[in-house]
Amino acid sequence: MTVPHADQLDARGYSYCCASEPQLPVWFYETQLDEAMSARVLAGGLPEAGWDWRWSHDPEVWHRAPDTGRTWPRQFFGSIPYREGNPHGDVRRVWEPSRLQQLVVLARIAVQGDVSLRERAVGAMEAQFLSWIDANPYLTGAHYVSAMECGLRLIAVCHAFDQVRAWLRQPDRVWPAVVRLVEGHAELIRQRVSLYSSLGNHTIAEATALVYAGVLFPEMPHAAQWRMTGLTLLESESSHQVLEDGGGIEQGVCYLKFISDLYGLVMALLESRGERIPDGVQRACTKSRTFLAAMTDDAGGLASIGDGDGGYALDPALDFSPARQARAPGLTTFEESGYSLLESVGISPARLILDHGPLGMAPCYAHGHADALSVLFRTGGQDILVDSGTFTYSGDPDWRRYFRGTSAHNTVVVDGLDQAVQETAFQWSSPFTSRRVCRAECANGETILIAMHDGYLGRAGVVHWRGIIYRSPGWWAIVDRLTGSGTHEVELNWHLGLTPIPDGNEYVLEGANSRIRLTVEGGMAAVHRGQTAPILGWRSSSYGMKEPVAVLHVTYQGALPHDFVTCLVTRDHDVAERQAAVSSLRKVMYEAQTH
Numbered sequence: 000m001t002v003p004h005a006d007q008l009d010a011r012g013y014s015y016c017c018a019s020e021p022q023l024p025v026w027f028y029e030t031q032l033d034e035a036m037s038a039r040v041l042a043g044g045l046p047e048a049g050w051d052w053r054w055s056h057d058p059e060v061w062h063r064a065p066d067t068g069r070t071w072p073r074q075f076f077g078s079i080p081y082r083e084g085n086p087h088g089d090v091r092r093v094w095e096p097s098r099l100q101q102l103v104v105l106a107r108i109a110v111q112g113d114v115s116l117r118e119r120a121v122g123a124m125e126a127q128f129l130s131w132i133d134a135n136p137y138l139t140g141a142h143y144v145s146a147m148e149c150g151l152r153l154i155a156v157c158h159a160f161d162q163v164r165a166w167l168r169q170p171d172r173v174w175p176a177v178v179r180l181v182e183g184h185a186e187l188i189r190q191r192v193s194l195y196s197s198l199g200n201h202t203i204a205e206a207t208a209l210v211y212a213g214v215l216f217p218e219m220p221h222a223a224q225w226r227m228t229g230l231t232l233l234e235s236e237s238s239h240q241v242l243e244d245g246g247g248i249e250q251g252v253c254y255l256k257f258i259s260d261l262y263g264l265v266m267a268l269l270e271s272r273g274e275r276i277p278d279g280v281q282r283a284c285t286k287s288r289t290f291l292a293a294m295t296d297d298a299g300g301l302a303s304i305g306d307g308d309g310g311y312a313l314d315p316a317l318d319f320s321p322a323r324q325a326r327a328p329g330l331t332t333f334e335e336s337g338y339s340l341l342e343s344v345g346i347s348p349a350r351l352i353l354d355h356g357p358l359g360m361a362p363c364y365a366h367g368h369a370d371a372l373s374v375l376f377r378t379g380g381q382d383i384l385v386d387s388g389t390f391t392y393s394g395d396p397d398w399r400r401y402f403r404g405t406s407a408h409n410t411v412v413v414d415g416l417d418q419a420v421q422e423t424a425f426q427w428s429s430p431f432t433s434r435r436v437c438r439a440e441c442a443n444g445e446t447i448l449i450a451m452h453d454g455y456l457g458r459a460g461v462v463h464w465r466g467i468i469y470r471s472p473g474w475w476a477i478v479d480r481l482t483g484s485g486t487h488e489v490e491l492n493w494h495l496g497l498t499p500i501p502d503g504n505e506y507v508l509e510g511a512n513s514r515i516r517l518t519v520e521g522g523m524a525a526v527h528r529g530q531t532a533p534i535l536g537w538r539s540s541s542y543g544m545k546e547p548v549a550v551l552h553v554t555y556q557g558a559l560p561h562d563f564v565t566c567l568v569t570r571d572h573d574v575a576e577r578q579a580a581v582s583s584l585r586k587v588m589y590e591a592q593t594h
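Read in order, the letters of the sequence shown correspond to residues 0 to 594 in numbering that gives the first Met the number 0.
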């Protein structure tokens with residue numbers, strides 16, 4: 000496809016460019032701006048903290064790898080090596096600024112700010128956008144490698160300039176460049192839509208961009224085809240991407256939020272124009288939002304499970320979530336996606352999440368982690384048992400393997416193996432089967448959960464069972480049972496959000512609003528932090544960044560079956576009563592195993 004140079008385009012033939020009023024929903028621009036984010040973006044940075052990038056007039060700023068300092072080549076995109084082991088760096092890091100989503104934040108600043116702030120924001124928008132256009136000729140460079148990246152850029156550019164159209168300083172340059180970008184990106188996306196084994200979040204982003212291009216630029220020759228292709232994909236993929244209980248097929252909670260917001264953008268676009276919203280689009284939004292609300296903690300943070308690269312559909316402030324409501328205590332299970340949430344109330348409300356879901360989306364399981372039966376625990380406004388995060392995709396392969404592997408999660412490792420086999424940075428083989436076996440809420444307030452997975456069965460002859468019992472107020476026990484035969488090396492890892500203080504046979508975790516006693520029986524316990532040989536004790540709270548974290552590492556070598564018993568106590572309990580409860584849980588687990 001040949002796309003005319005912007006200087007050869009007459010944007011007056013496109014209704015989107017000639018309109019005097021915004022063509023996209025404006026409610027989003029009325030939400031309150033975060034001051035730190037505004038300052039960061041006005042200074043040339045990106046909306047989210049942690050991305051080491053700042054715009055300059057140097058064209059290389061769009062091609063310089065933030066993680067390595069090397070420059071990505073400016074050649075035909077199809078000839079650029081970008082996967083794991085490439086010589087340039089983590090391609091996800093260089094893509095982020097070129098999503099141009101910082102322009103959306105600048106537009107929000109312009110809409111809400113005074114005249115001087117508006118002029119500053121619009122000037123920055125024009126300078127960055129025209130710089131990107133000049134530095135990235137069509138089909139040249141790393142920013143055309145991914146059709147999804149093209150889609151997110153198209154959506155962001157349409158939203159950003161729609162809101163500041165009345166204040167543009169260089170409309171004769173901006174609008175032709177917008178037309179050029181939309182036409183070139185949309186047709187490239189149509190020809191390279193992610194299908195087959197790649198039918199994941201990429202597909203939804205690409206389809207959304209096609210709908211935007213087709214709806215906003217009906218004068219373009221392929222507009223009707225873009226629109227039809229995009230809506231057809233969104234409709235057909237709705238029940239594939241979003242499971243019946245609202246969870247995501249990719250087993251990455253961050254990616255479920257990503258596609259839920261993309262579906263939400265399409266709904267808002269169609270609704271603003273009085274057009275019918277396809278049933279599948281409506282369904283995907285409704286179900287995913289309910290699930291995401293349940294997976295959001297009391298501080299508004301989304302549970303970190305599976306891959307997450309910090310990306311968003313349009314802007315960090317975009318929020319289609321239902322109004323937050325007080326949580327009811329008790330047990331909630333999302334059977335199809337494979338999560339159970341146990342909520343308790345009282346002086347220190349607590350939430351425990353047990354992951355008993357599948358590895359991810361077959362056949363590659365690209366964004367899943369080997370985290371079967373992992374537990375997240377939060378109380379007193381503090382994360383106690385934490386997820387390690389993601390850190391990198393195509394950067395250092397050793398770190399990629401660690402963060403998606405089993406030892407980086409709150410579960411059990413057998414014979415040094417992951418629960419599935421890592422083939423590449425985005426491919427697993429030998430996927431496990433994981434399932435909830437038993438759940439019970441007793442009249443005395445006691446709650447029991449039991450789950451298992453078979454990830455070690457084929458390679459080590461071992462099955463991992465995990466039982467959890469909660470007794471009010473403030474006492475949880477987790478029994479990990481490894482069944483099989485022969486001698487094995489087994490390790491249990493608890494990644495801690497607080498520094499553990501040894502106190503006899505216990506560890507004290509002291510938070511601002513809580514004090515927890517942690518005990519583990521069944522092996523030799525030691526605390527590790529920031530270890531590199533082998534890698535252990537790291538957390539990535541945002542993509543591309545990592546920091547040491549305390550891990551309680553418990554090891555056992557010997558014959559099976561074997562049990563680990565972990566107790567988390569926030570209130571004093573009678574020791575004999577606790578021992579009786581653990582015995583009761585073990586009995587229920589034995590019955591589950593034999594049936």
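Idealized CB from N, CA, C, for every residue including glycine.
Beta-carbon within less than 7 Å of residue i's beta-carbon, same chain only, minus the 5 sequence neighbours each way: which residues are those?
i, result
"Glu576", "none"
"Ala155", "Arg98, Leu99, Gln100, Leu102, Val103, Leu313"
"Ile276", "Met266, Leu269, Glu270"
"Asn200", "Glu249, Tyr254, Phe257, Ile258"
"Ser667", "For residue 667 there is no data in the structure shown, the boundaries of the chain being 0 and 594."
"Ala206", "Gly229, Leu232, Leu233"
Identify, in the order they occur along the chain, each residue of the same chain with its Cβ nearer than 6 Å to the Cβ of residue i, setting aside the five sequence neighbours on each side.
i, result
"Ile477", "Ile467, Thr565"
"Val568", "Trp474, Arg516"
"Asp680", "Missing from the structure shown is residue 680; the chain here goes from 0 to 594 and no further."
"Pro348", "none"
"Ala222", "Gly213, Phe216"
"Gly379", "Ser347, Gly510, Asn512, Ser513"
"Thr30", "Ala316"
"Thr331", "Leu340"
"Cys16", "Ala10, Trp174"
"Ser541", "Gly49, Gly309"
Report the rounded CA-to-CA distance for residue i versus residue j, giving the unit in angstroms.
i, j, result
"Ser429", "Ala459", "13 Å"
"Pro396", "Val413", "22 Å"
"Gln111", "Pro217", "30 Å"
"Asp296", "Trp50", "25 Å"
"Arg63", "Asp57", "10 Å"
"Gly44", "Cys149", "20 Å"
"Gly300", "Gln381", "11 Å"
"Ala293", "Ser130", "42 Å"
"Ala580", "Thr446", "11 Å"
"Arg92", "Ile188", "21 Å"
"Tyr137", "His87", "21 Å"
"Ser320", "Leu261", "13 Å"
"Tyr13", "Ser37", "32 Å"
"Thr486", "Val574", "32 Å"
"Asn135", "Met227", "28 Å"
"Ala5", "Val177", "Here Ala5 scores only 49 on pLDDT, less than 50, and its place in the model should not be relied on; the value that follows carries that caveat. The alpha-carbon atoms of Ala5 and Val177 are separated by roughly 8 Å."
"Leu8", "Ile132", "14 Å"
"Phe563", "Trp398", "28 Å"
"Asp571", "Tyr555", "29 Å"
At which residues does the alpha helix (DSSP H) containing residue i begin and terminate?
i, result
"Ser320", "First-last for Ser320: undefined, no H or E at that position."
"Leu230", "222-240"
"Tyr401", "396-403"
"Val412", "It is not in any alpha helix (DSSP H) - Val412 instead sits in the beta strand (DSSP E) that spans 411-413."
Tell me which residue opens and which closes the beta strand (DSSP E) that residue i is part of.
i, result
"Glu488", "486-494"
"Asp562", "561-568"
"Tyr469", "462-470"
"Pro96", "Careful: Pro96 lies outside any beta strand (DSSP E), inside the alpha helix (DSSP H) at 90-97."
"Ile447", "446-452"
"Ile258", "Where Ile258 is concerned, there is no enclosing beta strand (DSSP E), although the alpha helix (DSSP H) it sits in stretches over 252-271."
"Phe376", "374-378"
Where DSSP assigns a beta bridge to residue i, which residues make up the other side?
i, result
"Ser612", "A query on residue 612 cannot be resolved here, the shown segment of the chain reaching from 0 to 594 and no further."
"Ser287", "DSSP output for Ser287 lists no bridge partner at all."
"Gln530", "Leu535"
"Tyr338", "Phe333, Asp354"
"Pro547", "Trp537"
"Gln381", "Thr378"
Among the residues of its own chain, which have a CB less than 8 Å from the CB of residue i, if the five just before and after it don't count?
i, result
"Ala109", "Leu116, Arg117, Ala120, Val121, Met124, Gln162, Val163, Trp166"
"Ala35", "Ala48"
Any Cβ of chain B within less than 8 Å of the Cβ of residue i?
i, result
"Gly536", "In the structure shown, chain B cannot be found, because there is only a single protein chain."
Contiguous alpha helix (DSSP H) assignments of at least 4 residues, all confined to the stretch 125-205: 146-162, 170-190
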